[in-house]
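Residue numbers (the working numbering): 47 to 187.
Just so you know, even glycine gets a beta-carbon here, dropped at the ideal spot from N, CA and C.
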Amino acid sequence: GRSAPPSTHAPAVAQHSALAAVPQDLTQLERRVLQLNSQGLAEQLDFTTYLALRCLPLWQAMELLDSLEAKSTVISSPCNYVQAAVSKIQRGLGWNGGYANSGKGGGHNGREEHGQFAMGQYQTTRASAAGAESFKRQRMW
């Protein structure tokens with residue numbers, strides 16, 4: 047008789063186990079970092095990079111991650127990319143990597159507090175990779 051093929055369920059079980067270890071009260075930023083890390087970046091975003099992102103208003107951190115995702119095929123070190131962008135933003139040098147909300151600033155101080163965020167402007171839906179060309183916003187930094 048034939049022997050059964052090797053089980054293809056082991057990776058799914060391992061993936062499920064890893065997801066089961068994630069707290070249910072994840073912040074939006076934590077969810078986004080986990081999502082990007084599961085998409086096969088050149089390197090996973092580490093805890094130091096996550097902490098650097100937390101130094102920015104939430105909307106700005108999310109847009110930086112959107113930029114990273116859009117450029118993921120050409121960025122060899124996502125951690126260096128994010129940390130350098132955060133450093134430039136903090137020094138007031140701007141960041142030439144991504145999209146920004148259109149219009150002048152105001153009311154975009156989304157800070158996370160106890161897992162909650164007051165943001166309002168950042169939309170969780172993004173343009174698909176195919177539609178990215180038609181989805182341009184002006185930079186404000």
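Would you be able to state if there are at least three C-beta pairs under 8 Å between the stretch 81 to 94 and the stretch 103 to 110?
-> no
Put Ser118 into one of helix, strand or coil per three-state DSSP.
-> To locate residue 118, count along the sequence shown from 1; it is residue 72. Ser118 falls in the coil class under three-state DSSP.
Would you say Pro124 and Leu114 are within 7 Å of each other, going by their C-beta atoms?
-> As a first step, residue 124 must be located in the sequence shown, where it is residue number 78. As a first step, residue 114 must be located in the sequence shown, where it is residue number 68. Contact flag set, yes.
Cβ separation of Tyr96 and Val120, assumed to be a contact under 8 Å, to the nearest whole Å | Mapped onto the sequence shown, residue 96 falls at position 50. Mapped onto the sequence shown, residue 120 falls at position 74. Not a contact, Cβ separation roughly 22 Å.
Could you check what DSSP says for Leu72 in three-state terms: helix, strand or coil?
-> Stepping through the sequence shown from its first residue, residue 72 is reached at position 26. Coil.
Closer than 7 Å by C-beta to Cys101: which residues in its own chain qualify, once you throw out the five before and the five after it? Chain order, please.
-> Translated into positions along the sequence shown, residue 101 becomes position 55. So the qualifying residues of the chain are Val132, Gln136.
Work out the CA separation of Gln129 and Glu76 for me, nearest whole Å.
-> Counting from 1 along the sequence shown, the entry for residue 76 is found at position 30. Counting from 1 along the sequence shown, the entry for residue 129 is found at position 83. Straight-line Cα distance between these residues: approximately 16 Å.
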